[in-house]
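Residue numbers (the working numbering), protein chains in the order written: chain V, -3 to 460; chain C, 636 to 975. Backbone N, C-alpha and C define an ideal beta-carbon position, used for all residues, glycine too. Each remark here refers to the structure printed beneath this line.
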Amino acid sequence: VVIIYLWFVFAFSVCFVAVTSLVLVLAAVEVRRYTARGQVANLRVTLRSPLAPSISVLVTAYNEGPGIIDSVRSLLALDYPDYEIIVINDGSTDDTSARLIEAFGLRPVHWAAQPVLHHRPVRAVYAPRTRLNLLLIEKENGGKSDALNAGISFSTGDLFCSMDGDSVLEQDALAKTALPFIEDPGRTIATGGMVRIVNGCRVQHGRVTRVALPHSHVAMFQVVEYVRAFFGTRTGWTAMNALLIVSGAFGLFRREAVIAAGGYRTETLGEDLELVVRLHRTCRKAGRPYRIVYVPDPVCWTEAPESLRYLRKQRRRWQRGCIEALLFNKGMLFNPRYRTAGLLALPSMLVFEVLGPVIELLGYVVSIYAVMVGLISPLTYVLFLVLSVLYGLFLTLGAIMLEDVSANRFPAWEDLRRMLLYAVGENCGYRQLLHVWRIEAFGDVVRKPGFEVMAHKGFSAADQ
Amino acid sequence: MTAALAGTDAALAALVGLLALSLTAVRVVIRLRGRRRRRLWPPASQAIARYVTTGGDPPRPAHRAERAMLLEVALQTLFDLGGSERDLLVELLEQLGYLDDAAAALTARRRAVRRRAAEMLAVTATPAVLPALLAGLDDPDALVRTSCARTLARVGAPDVLPRVAAAAERDIATAPGAASAVVLALGRRDPAALTPLLGADAPQPVKMVAVAVAGRLRLPDLAPALRACLHDGDQLATIAAQGLGLIGDIEAVGELRDLARDAHRAVRARAAAVTALGSIGDPWSVPLLEPLLRGADWPLRAAAAQALGQLGEPGAAALRRAVASGPAEAREHAEAALQW
């Protein structure tokens, strides 16, 4: 049994290497295509075109008091010809609404929202006395999905941008993310941009004015993870039109496509992932040609947890969302009707993301036992571990290279050294810890506990 | 097994080493480029600013890097310039041979080179390279073709415009965004050039873009063509109604009223017609809009309330009546409209 399991782990590793290498190569092709397209000219044309689609920026906020004003200020300064901002206060118990009302001179207004999606009751709607395109919706607490559904009902744009109240968009992020909608309006239904970690950066008046890596070890590990996930993975899946996630922190969606798909599902914590998977399903079922695109350059900055306690909660939440998205859309798995999404992307998610932690952790135990009873030599075991570390390093280096070519946000040699150090270091405990938390999420899927939200420091305090 | 693993480890270590070296090389190149840029950008932008404001001596780049930087600065500057300063800068690019280089690059074998050249010519938009742009309309790549077409729409002779319109029609399926930009450029240049794209036999996708452009650019000359589109499919009728509202075409009122009350048409098209009636400011539409405000469809109710709010005292009176005695849904919309 031990030997069979070890061969199974070996086969699993070979599959992992094959899929991730393919995705990395395709990511390189996609990044090259993106950088060769003359982005600046396209962007300037977009910003002046009366045909640019209108966008409703939906900011969900739950107890985001300390950072909400800076967030909204940074959104009001975005470069885009036609957009409105809708802040949805999802039953905060702090002074989120009061701060907004005071800072932007908002007053209560009558507003008849289009009943396109179900959501918890709205208590009040506020709008400014001036011509600012800002709306504050105060509703009963129902979670992020519910808040987004309310935002969609109140929105008037052709597209909507979902983002968190604790995130900051770069000035041209909206225009860059909207480009695929302008270039291919008939097919593009969703686009996502790069989410970067703001910890360690200097933020002034809602703008990142100095980019730097975080000092915290926990946040540093996440920087490496984000670079690998966004540049090494999402770009590659885009090339196959099989991108399964547009990050909830920053994504742009065609409103009518999301309404047709039924909006955000409120019974899951991974609403962003589940929506995108469902968009694949509904578009394929309807025979509608579609594209879901990850754009490597536009940046949204977000605060990452710096303590293991909050990181654990976050990762359990993400993993639970991942499992639930698979359960809700299990009919797509290995189904040729859904092309690459059903035949490769979803199975990869099932095998590597959901079952992977179990297989890997069990692999450690079984292989140590095999060494102890002499079924395999210690040297073989060490060589296998070295192989996995080297391959992880290979993926990280590839992703950093793509990041350098397309954005180069961390140009200092010291930054590169630190990222590589953490890429090696994550194999010594961090990754295994994440796996343990991800396995815990199986229990959460059954028990469905609520999750405590990370207390945000606000961006004024992000520069440390 | 151990030997095989050791071999794989060694091979992967070599690959990682190679990747690390490549990464270092990429970083060195990026740094050098950044340094060169920081060194060359200020003098290039100062020279261009001096030249376009005072009309003094034209800048003379000494070597290839300076030449490339001057072009980059000039192209970025062109986006924000207009009038004589823009003409002066384009003339400078022509004198220094950049435009000839770009025209020649339009026939290059590599698609990326041709795309860059076509985009550069689109930014400069000068009639100096018309033959190359005309030839570019037959390029095998859709983006090169549409870039050339966009430039020709701005600077080509009037007799070229039908070819430009044909190029937009051809590429609307393969490069819809770029083809839409061509239609937009045509509309800005000469509304009459959009007429063939608005005809009954024009393909639906390009017709929709042309209708949208006519509306967004508020081109009153094309209002009759937009009115004809109100009798077309619901999607086209919606865009046409929006356009007529933006134009403020008073002659469209009758057809817009017909569309608004036609229960067989899509709600979206009817709502667009109602919104247009409000934008045009036709107070005689109040008797039509008042029942729609009390109707069952949310988009129609919302549009009717908004339109009534734009129709002066008769509209406001209808809204007040809805607040006083209408059903709850109508009251909600009417209150919102009265407040705004």
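Does DSSP classify V:Ala458 as helix, strand or coil?
Along the first sequence, read from residue 1 onward, the residue named residue 458 of chain V stands at position 462. Reliability of the predicted coordinates at V:Ala458 is poor, the pLDDT of 42 falling under 50, and the value obtained from them is presented with this limitation in mind. V:Ala458: coil per DSSP, three-state reduction.
Once the 5 residues before and after V:Val338 are set aside, which same chain residues still bring their CB inside 6 Å of it?
Your numbering for residue 338 of chain V matches position 342 in the first sequence. In the sequence as presented, Val is not what sits at residue 338 of chain V; that position holds Gly. Excluding sequence neighbours, V:Gly338 sits near Met328, Asn331.
With a threshold of 8 Å between beta-carbons, can V:Ile193 be considered close to chain C, or not?
The residue you call residue 193 of chain V lines up with position 197 of the first sequence. With 8 Å as the cut-off, V:Ile193 does not count as an interface residue toward chain C.
Report the option in V:Gly63, V:Val291, V:Glu436, V:Thr278 whose CA atom is closest to the CA atom of V:Trp233.
Taking the first residue of the first sequence as 1, we reach residue 233 of chain V at position 237. The shortest CA-to-CA distance from V:Trp233 to any of V:Gly63, V:Val291, V:Glu436, V:Thr278 is the one to V:Val291.
Going straight from the alpha carbon of V:Leu269 to that of C:Thr659, what length do you get?
Your numbering for residue 269 of chain V matches position 273 in the first sequence. Your numbering for residue 659 of chain C matches position 24 in the second sequence. A straight line joining the alpha-carbon of V:Leu269 with that of C:Thr659 spans about 35 Å.
At a CB-CB cut-off below 9 Å, which residues of chain V make contact with C:Glu970?
Taking the second sequence and counting its residues from 1, the one referred to as residue 970 of chain C is at position 335. The answer, in chain order, is His106, Ala108.
For V:Tyr290, the residue or residues it bridges with in DSSP:
In the first sequence, the residue the question calls residue 290 of chain V occupies position 294. Looking at the DSSP output, V:Tyr290 shares a beta bridge with V:Gly188.
Residues in the segment 208 to 242 of chain V having any Cβ partner in chain C nearer than 8 Å
Within the segment 208 to 242 of chain V, no residue has its Cβ closer than 8 Å to any Cβ of chain C.
Per DSSP, V:Cys296 forms a beta bridge with which residues?
Counting from 1 along the first sequence, the entry for residue 296 of chain V is found at position 300. Per DSSP, V:Leu165, V:Val191.
Any Cβ of chain V within less than 8 Å of the Cβ of C:Val661?
Against the second sequence, residue 661 of chain C aligns to sequence position 26. True, the Cβ-Cβ gap to chain V drops below 8 Å.
Is the CB-CB distance between V:Tyr122 and V:Leu102 below 8 Å?
Walking along the first sequence from the start, residue 122 of chain V turns up at place 126. Walking along the first sequence from the start, residue 102 of chain V turns up at place 106. It is a contact, given that the beta carbons lie within the stated cut-off.
Close-in-space but distant-in-sequence residues of the same chain around V:Val401 (CB under 7 Å, 5 per side omitted)
One-based indexing of the first sequence puts residue 401 of chain V at position 405. Excluding residues up to 5 positions away in sequence, Val27, Thr31 lie with their Cβ nearer than 7 Å to the Cβ of V:Val401 in the same chain.
For V:Arg69 and V:Thr89, I'd like the C-alpha separation in whole angstroms.
Stepping through the first sequence from its first residue, residue 69 of chain V is reached at position 73. Stepping through the first sequence from its first residue, residue 89 of chain V is reached at position 93. Their backbone Cα atoms lie some 22 Å apart in a straight line.
Residue span of the beta strand (DSSP E) that contains V:Ser158, given as start and end
Against the first sequence, residue 158 of chain V aligns to sequence position 162. Looking at the DSSP string, the run of the beta strand (DSSP E) that includes V:Ser158 is 155 to 160.
Determine the extent of the beta strand (DSSP E) in which V:Lys135 is found, giving its start and end residues.
Counting from one through the first sequence, the residue named residue 135 of chain V turns up at place 139. Per DSSP, V:Lys135 belongs to the beta strand (DSSP E) from 130 to 135.
Measure the alpha-carbon distance for V:Ala238 versus V:Thr184 and round it to whole angstroms.
For this step, residue 238 of chain V is matched to residue 242 along the first sequence. For this step, residue 184 of chain V is matched to residue 188 along the first sequence. Taken atom to atom, the span from the alpha-carbon of V:Ala238 to that of V:Thr184 is near 13 Å.
Beta strand (DSSP E) segment containing V:Glu473, residue limits
In the structure as shown, chain V begins at -3 and stops at 460. Residue 473 of chain V is therefore absent and cannot be evaluated.
At 8 Å on the CB atoms, spell out the chain V contacts of C:Asp774, in chain order.
What you label residue 774 of chain C is simply residue 139 of the second sequence in a count that begins at 1. Correct list: empty, because the minimum Cβ distance to chain V is about 16 Å.
Using a beta-carbon distance below 8 Å, is V:Met397 in contact with chain C?
Here residue 397 of chain V corresponds to residue number 401 of the first sequence, with the count starting at 1. Contact of V:Met397 with chain C is assigned, a C-beta pair being separated by under 8 Å.
Strictly below 7 Å CB to CB, what residues from chain V border C:Gly812?
Here residue 812 of chain C refers to the residue found at position 177 of the second sequence. The contacting residues are Ile178, Glu179, Asp180, Pro181.
Is there a Cβ of chain V sitting closer than 8 Å to that of C:Glu720, yes or no?
Sequence index remark: in the second sequence, residue 720 of chain C carries index 85 (1-based). For C:Glu720, the answer is no, since every Cβ of chain V falls outside 8 Å of its Cβ.
What residue range is occupied by the uninterrupted alpha helix (DSSP H) comprising C:Ser960?
Here residue 960 of chain C is taken as the residue at index 325 of the second sequence, counted from 1. For C:Ser960, the enclosing alpha helix (DSSP H) has its first and last residue at 947 to 960.
Would a check of beta-carbon distances place C:Ser657 closer than 8 Å to chain A?
As a matter of chain content, chain A is missing from the structure shown, whose protein chains are V and C.
Cβ-Cβ distance between V:Tyr334 and V:Arg277 below 8 Å
To locate residue 334 of chain V, count along the first sequence from 1; it is residue 338. To locate residue 277 of chain V, count along the first sequence from 1; it is residue 281. Cβ distance < 8 Å, so V:Tyr334 and V:Arg277 count as in contact.
8 Å contact criterion, which V:Thr264 and V:Gly317 should meet: CB distance rounded:
Counted from its first residue, the first sequence places residue 264 of chain V at position 268. Counted from its first residue, the first sequence places residue 317 of chain V at position 321. That pair is a contact at about 6 Å.
When Cβ atoms are compared, which residues of the segment 926 to 943 of chain C fall closer than 8 Å to chain V?
Correct list: Trp933, Pro934, Arg936, Ala937, Ala940.
Cutoff 8 Å: V:Ser149 Cβ touching any chain C Cβ
Taking the first residue of the first sequence as 1, we reach residue 149 of chain V at position 153. For V:Ser149, the answer is no, since every Cβ of chain C falls outside 8 Å of its Cβ.
If the cut is a Cβ gap below 7 Å, which residues of chain C does V:Thr376 touch?
Here residue 376 of chain V corresponds to residue number 380 of the first sequence, with the count starting at 1. Against chain C, a Cβ distance below 7 Å from V:Thr376 picks out Met636, Thr637, Leu640.
Please confirm if the segment 641 to 655 of chain C is in contact with the segment 668 to 686 of chain C, defined as three or more CB-CB distances below 8 Å between the two stretches.
Cβ pair count under 8 Å is below three, so no.
Using a C-beta to C-beta distance shorter than 8 Å, which residues of chain C count as neighbours of V:Asp293?
Locating residue 293 of chain V in the first sequence gives position 297, counting from the first residue. In chain order: nothing, as chain C lies at least about 15 Å away.
Look at the Cβ atom of V:Val55, then the Cβ atom of V:Met159, and state whether they are nearer than 8 Å.
As a working note, residue 55 of chain V is residue 59 in the first sequence. As a working note, residue 159 of chain V is residue 163 in the first sequence. Yes, the pair counts as a contact, with Cβ atoms nearer than the cut-off.
Apply the 10 Å Cβ neighbour rule to C:Met704 and answer buried if 16 or more other Cβ atoms are within range, or exposed otherwise.
Against the second sequence, residue 704 of chain C aligns to sequence position 69. Buried is the call here.
Which residues, taken in chain order from the segment 798 to 829 of chain C, show a beta carbon closer than 8 Å to some beta carbon of chain V?
Listed by position, the residues of the segment 798 to 829 of chain C near chain V (Cβ gap below 8 Å) are Ala810, Pro811, Gly812, Ala813, Ser815, Ala816, Leu819.
Closer than 9 Å at the beta carbon, the chain C residues around V:Leu47:
Here residue 47 of chain V refers to the residue found at position 51 when the first sequence is read from its first residue. Simply Gly812, Ser815, Ala816, Val818, Leu819, Val844, Ala847, Val848, Arg851.
Using CA coordinates, which residue listed in V:Glu436, V:Ile241, V:Leu386 is at the minimum distance from V:Leu416?
Here residue 416 of chain V refers to the residue found at position 420 when the first sequence is read from its first residue. Closest option to V:Leu416, Cα to Cα, is V:Leu386.
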